[in-house]
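There are 2 protein chains.
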Amino acid sequence: MSTLVGDAARREPKYYAVKRHLLDIIESLPPGSLVPTERELTVRLGTSRTTVRQALSELVGEGRLVRRQGSGTFVAEPKLSWPLQVSSFTAQATAHGFVPSTRLLESKKVRADEPVAGLLHLAPGAWIYRLERLRLVNDAPMAVETSHLSAERFPGLNTRLRGASSLYAVLTEHYGVVPASAEQTIETAAASPREAELLDTDTGAPMLVLARHSFDANGEPLEWVRSFYRGDRYKFLARLTV
Amino acid sequence: MSTLVGDAARREPKYYAVKRHLLDIIESLPPGSLVPTERELTVRLGTSRTTVRQALSELVGEGRLVRRQGSGTFVAEPKLSWPLQVSSFTAQATAHGFVPSTRLLESKKVRADEPVAGLLHLAPGAWIYRLERLRLVNDAPMAVETSHLSAERFPGLNTRLRGASSLYAVLTEHYGVVPASAEQTIETAAASPREAELLDTDTGAPMLVLARHSFDANGEPLEWVRSFYRGDRYKFLARLTV
DNA sequence: AGCGACAATTGGACTAGACAAATTGTATCG
DNA sequence: CGATACAATTTGTCTAGTCCAATTGTCGCT
């Protein structure tokens, strides 16, 4: 019954004491500094390497430390704030002084599975384009983006996109379609081996997942996009006016 | 040089095979179902309990599983989408059919440290009110919210808030202040022991951290709030119009 | 029938160690 | 001097186990 009260004296895990010790070290050093090795921390703090690594992993996931195999563990740079706007990736990056680039990983015509078909108001099995793109900022991989669009509504999108800078530009110029509204969700997840490899991080690393469902002026769904951002490097920034 | 290319054949960690196996099980069962015990999975998959627990922990962090000591591990309910709006917590909850409640954890007059003072345009050491509140939805703890406001600008806020339903209502009625704009950041973090206890989860559990910096019509900062949401239970939902 | 003690079972925390893979400095050789 | 080979050091992955804490079912007693 008293789940809300909670165990007032839940004891602090041992790894968390290690984490606090490491936070003290981190806050006293500039980014790029070397922190003690795992094995040195085990003897200094009288614990096992497993426990030390648990504390280190959490700090790496929070973007406070960076580990390099064979080299050591270092204090990380602060997170970069990524402005969330309706404009295109390239536009919003340059507007904030970043140097954006994109690598097209895949662009295929496939059949929609149940959830995607529903989101795009199509029958399951309908043909769709599936675009996978790697977004980079200042040459550092930031996010993996997978877009889904109806192939019937946008014939030849595949080839029209080659060489084009922006998907939204192609939609407007060739199909006369302009996104009018969107619904976005933001959640956390752990990186799959594939995402980890593309983003140059570890499997299981914490990610920010942004899913955007955009509609045209008639309220018909245009595209559905899911983007995986490195949670240790980036945070989202939104400006609101009442 | 070729950091972008990446090791095409980075091998999948063993724990991830366990995770995929568990995902198969999860997708074939309704929420609330019992999944095999850790010790059974170790023998069935020919691995160690540590490796099994790593896969389980990731799935718990992603909100796919729930563990109960002494009882077992169960398939979790899907995440709840929490609409992000400028309106107050209570208003936005009831508008979407939820039953909100708030527990005041702390309300103290303290001195502002360097970062908070800067955000509120105050001198370091200036008096501020620090409010800590636990937000609940349908009687389940959702977020821990810590607000900071200038004590000089809002004298007696402390007592005026007792019994009042909404902070924003008090600001408007007693001080004639209306928030006009805000800047929000969203990032990931790991739960501290205190946050974990209040939100009835585990230390180190993945969290969504929302920081809101709101301003009045003159562009002067009004308050700075940091909220920790359980990342395994909730995701943020935003509606955008171009 | 109901209560209480107990034992079995489950997840939680931690340890100690083995071996692999990446990096870096050093010694050696041409 | 420069390139190569090697060894030491560092983090990465995984194992096997101990002990603790919470839950649940069972058995026995009243």
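Each protein sequence line maps, in turn, to chains A and R. With the first letter of the first sequence counted as 1, position 118 gets the number 118 in my numbering; the numbers rise by one all the way through. With the first letter of the second sequence counted as 1, position 127 gets the number 127 in my numbering; the numbers rise by one all the way through. Ideal Cβ positions, reconstructed from N, Cα and C, are used throughout, including at glycine.
Note to self: Counting C-beta neighbours from all protein chains within 10 Å, is the total for R/SER147 16 or more, i.e. buried, or is it exposed?
What the structure shows: Indexing the second sequence from 1 puts residue 147 of chain R at position 147. Flag for R/SER147 reads buried.
Item checked: Any chain R beta carbon closer than 8 Å to A/ILE26 -> By 1-based counting over the first sequence, the position of residue 26 of chain A is 26. No, no contact with chain R.
Checklist line | Helix, strand or coil at R/THR185 according to DSSP, with G and I counted as helix | finding: Against the second sequence, residue 185 of chain R aligns to sequence position 185. Strand.
Notebook entry, point to check: Rounded to whole angstroms, how far is the Cβ of A/ALA205 from the Cβ of A/ALA190, which I believe are closer than 8 Å?
Noted result: Stepping through the first sequence from its first residue, residue 205 of chain A is reached at position 205. Stepping through the first sequence from its first residue, residue 190 of chain A is reached at position 190. Indeed they touch by this definition, with Cβ atoms about 7 Å apart.
Notebook entry, point to check: Considering only the beta carbon of each residue, do R/ARG53 and R/GLU38 sit closer than 8 Å?
Noted result: For the purposes of this step, residue 53 of chain R is taken as residue 53 along the second sequence, with counting starting at 1. For the purposes of this step, residue 38 of chain R is taken as residue 38 along the second sequence, with counting starting at 1. Yes, Cβ-Cβ distance for R/ARG53 and R/GLU38 is below 8 Å.
Next item on the list: Could I get the ranges of all uninterrupted alpha helix (DSSP H) runs contained in the segment 143 to 194 of chain A, with 4 residues as the minimum, in chain order?
Entry: 157 to 161 and 167 to 175
Next item on the list: Please classify A/PRO206: does DSSP put it in a helix, a strand, or coil?
Entry: One-based indexing of the first sequence puts residue 206 of chain A at position 206. The answer is strand: DSSP assigns A/PRO206 an E or B state.
Next item on the list: Quick one: using the 10 Å Cβ neighbour count with 16 as the cut-off for buried, is R/ALA217 buried or exposed?
Entry: Looking up residue 217 of chain R in the second sequence gives position 217. Exposed.
Notebook entry, point to check: So, R/ALA126 versus R/GLU152, is the Cβ gap smaller than 8 Å?
Noted result: Working through the second sequence from its first residue, we reach residue 126 of chain R at position 126. Working through the second sequence from its first residue, we reach residue 152 of chain R at position 152. It is a contact, given that the beta carbons lie within the stated cut-off.
Check: In terms of residue numbering, what span does the beta strand (DSSP E) encompassing R/GLU223 cover?
Finding: Stepping through the second sequence from its first residue, residue 223 of chain R is reached at position 223. R/GLU223 -> beta strand (DSSP E) spans 221 to 230.
Check: Which one or two residues does DSSP pair with R/LEU199 in a beta bridge?
Finding: Here the question's residue 199 of chain R lines up with position 199 in the second sequence. For R/LEU199, which the question treats as bridged, DSSP gives no partner whatsoever.
Next item on the list: May I ask which residues mark the beginning and end of the beta strand (DSSP E) holding R/THR102?
Entry: In the second sequence, residue 102 of chain R corresponds to position 102, counting from 1. Taken as a continuous stretch (DSSP letters only), the beta strand (DSSP E) holding R/THR102 covers 100 to 111.
Notebook entry, point to check: Sorted by chain position, which residues of the same chain lie with C-beta nearer than 8 Å to A/THR3's C-beta, five sequence neighbours on each side aside?
Noted result: Walking along the first sequence from the start, residue 3 of chain A turns up at place 3. Residue placement at A/THR3 is flagged as unreliable, the pLDDT there being 27, under the threshold of 50; the coordinate-derived value follows with that caveat. Taken in chain order, the list of residues that qualify is empty.
Notebook entry, point to check: Skipping 5 residues on each side, what residues in its chain have a beta carbon closer than 7 Å to that of A/TRP224?
Noted result: Here residue 224 of chain A is taken as the residue at index 224 of the first sequence, counted from 1. Same-chain partners within the cutoff: VAL116, LEU119, LEU120, HIS148 and HIS213.
Next item on the list: Mind reading off the beta-carbon distance from R/VAL99 to R/ARG130? Whole number of angstroms is fine, and I expect it under 8 Å.
Entry: Locating residue 99 of chain R in the second sequence gives position 99, counting from the first residue. Locating residue 130 of chain R in the second sequence gives position 130, counting from the first residue. So it is not a contact: roughly 27 Å between Cβ atoms.
Notebook entry, point to check: Pairing CB atoms from the segment 164 to 173 of chain A with CB atoms from the segment 82 to 96 of chain A, are three or more of them under 8 Å?
Noted result: yes
Margin query: Let me confirm a value: R/ARG230 is counted as buried when at least 16 other C-beta atoms fall within 10 Å, else exposed. Which label applies?
Written below: Locating residue 230 of chain R in the second sequence gives position 230, where the first residue counts as 1. Buried is the call here.
Next item on the list: With 7 Å as the C-beta to C-beta threshold (strictly closer), list the residues of the segment 55 to 82 of chain R near chain A in chain order.
Entry: GLU58, GLY61, GLU62, LYS79 and SER81
Check: Is it true that the CB of R/VAL75 sits closer than 8 Å to the CB of R/GLY46?
Finding: Against the second sequence, residue 46 of chain R aligns to sequence position 46. Against the second sequence, residue 75 of chain R aligns to sequence position 75. No, these two residues do not count as a Cβ contact at 8 Å.
Margin query: Are the CB atoms of R/VAL144 and R/GLU62 within a distance shorter than 8 Å?
Written below: In the second sequence, the residue the question calls residue 62 of chain R occupies position 62. In the second sequence, the residue the question calls residue 144 of chain R occupies position 144. Going by C-beta atoms, R/GLU62 is not nearer than 8 Å to R/VAL144.
Check: Exposed or buried, what is A/LYS235 when buried is set at 16 or more other beta-carbons lying within 10 Å of its beta-carbon?
Finding: In the first sequence, counting from the first residue as 1, residue 235 of chain A sits at position 235. With 16 or more other Cβ atoms within 10 Å, it is buried.
Item checked: Buried versus exposed call for R/PRO221 [16 or more other C-beta atoms within 10 Å across all chains shown] -> For the purposes of this step, residue 221 of chain R is identified with residue 221 of the second sequence, where counting begins at 1. With 16 or more other Cβ atoms within 10 Å, it is buried.
Notebook entry, point to check: Counting only beta-carbon atoms, is A/ARG239 nearer than 8 Å to chain R?
Noted result: One-based indexing of the first sequence puts residue 239 of chain A at position 239. So, interface residue.
Notebook entry, point to check: Looking at the C-beta of A/GLN184, does it have a partner C-beta in chain R at a distance below 8 Å?
Noted result: The sequence position of residue 184 of chain A within the first sequence is 184, counting from 1. Closer than 8 Å: yes.
Notebook entry, point to check: Touch check for the segment 14 to 32 of chain R and the segment 65 to 82 of chain R: three-plus C-beta pairs under 8 Å?
Noted result: yes
Check: Which residue's Cα is closest to the Cα of A/THR172: A/ARG103, A/GLU183 and A/PHE154?
Finding: By 1-based counting over the first sequence, the position of residue 172 of chain A is 172. Answer by Cα proximity: A/PHE154.
Note to self: Let's see if you can read the secondary structure: which residues bound the beta strand (DSSP E) around R/LEU22?
What the structure shows: The residue labelled residue 22 of chain R in the question sits at position 22 within the second sequence. Per DSSP, R/LEU22 belongs to no beta strand (DSSP E); it is in the alpha helix (DSSP H), 14 to 27.
Item checked: R/LEU65 versus A/THR159: straight-line alpha-carbon distance, rounded -> As a first step, residue 65 of chain R must be located in the second sequence, where it is residue number 65. As a first step, residue 159 of chain A must be located in the first sequence, where it is residue number 159. Near 42 Å, if we compare the C-alpha coordinates of A/THR159 and R/LEU65.
Note to self: So with CB distances below 9 Å, who are the chain A contacts of R/THR90?
What the structure shows: Translated into the one-based positions of the second sequence, residue 90 of chain R becomes position 90. Going along chain A, no residue has its Cβ under 9 Å from R/THR90, so there is no contact; the nearest lies around 17 Å.
Next item on the list: Say whether chain R places a C-beta atom closer than 8 Å to the C-beta of A/LEU208.
Entry: In the first sequence, counting from the first residue as 1, residue 208 of chain A sits at position 208. Chain R contact via Cβ: present.
Item checked: 8 Å CB neighbourhood of A/LYS14 in its chain, flanking five on each side removed -> The residue given as residue 14 of chain A occupies position 14 in the first sequence. So the list reads THR47 and THR51, once near-sequence residues are dropped.
Notebook entry, point to check: Is there a Cβ from chain R that is less than 8 Å from the Cβ of A/ARG226?
Noted result: Within the first sequence, numbered from 1, the residue matching residue 226 of chain A stands at position 226. Closer than 8 Å: no.
Next item on the list: Using a threshold of 8 Å, state whether the C-beta atoms of R/LYS19 and R/GLU58 are closer than that.
Entry: As a working mapping, residue 19 of chain R is identified with position 19 in the second sequence. As a working mapping, residue 58 of chain R is identified with position 58 in the second sequence. Against a cut-off of 8 Å, the Cβ pair of R/GLU58 and R/LYS19 comes out as a contact.
Note to self: Can you pull the chain A neighbours of R/THR188, defined as C-beta to C-beta under 9 Å?
What the structure shows: Translated into the one-based positions of the second sequence, residue 188 of chain R becomes position 188. What R/THR188 touches in chain A: GLY61, GLU62, GLY63, THR188, PRO206, MET207, LEU208, GLY231, ASP232 and LYS235.
Note to self: Give me, in chain order, the residues of the same chain whose beta-carbon lies closer than 8 Å to that of R/ARG68; leave out the 5 immediate sequence neighbours on both sides.
What the structure shows: Position 68 of the second sequence, counted from the first residue, corresponds to residue 68 of chain R. Excluding positions up to five away in sequence, the list reads PHE74.
Notebook entry, point to check: Are A/LEU208 and A/PRO83 closer than 8 Å when you measure CB to CB?
Noted result: If you number the first sequence from 1, residue 208 of chain A lands on position 208. If you number the first sequence from 1, residue 83 of chain A lands on position 83. Not in contact: A/LEU208 and A/PRO83 (Cβ atoms no closer than 8 Å).
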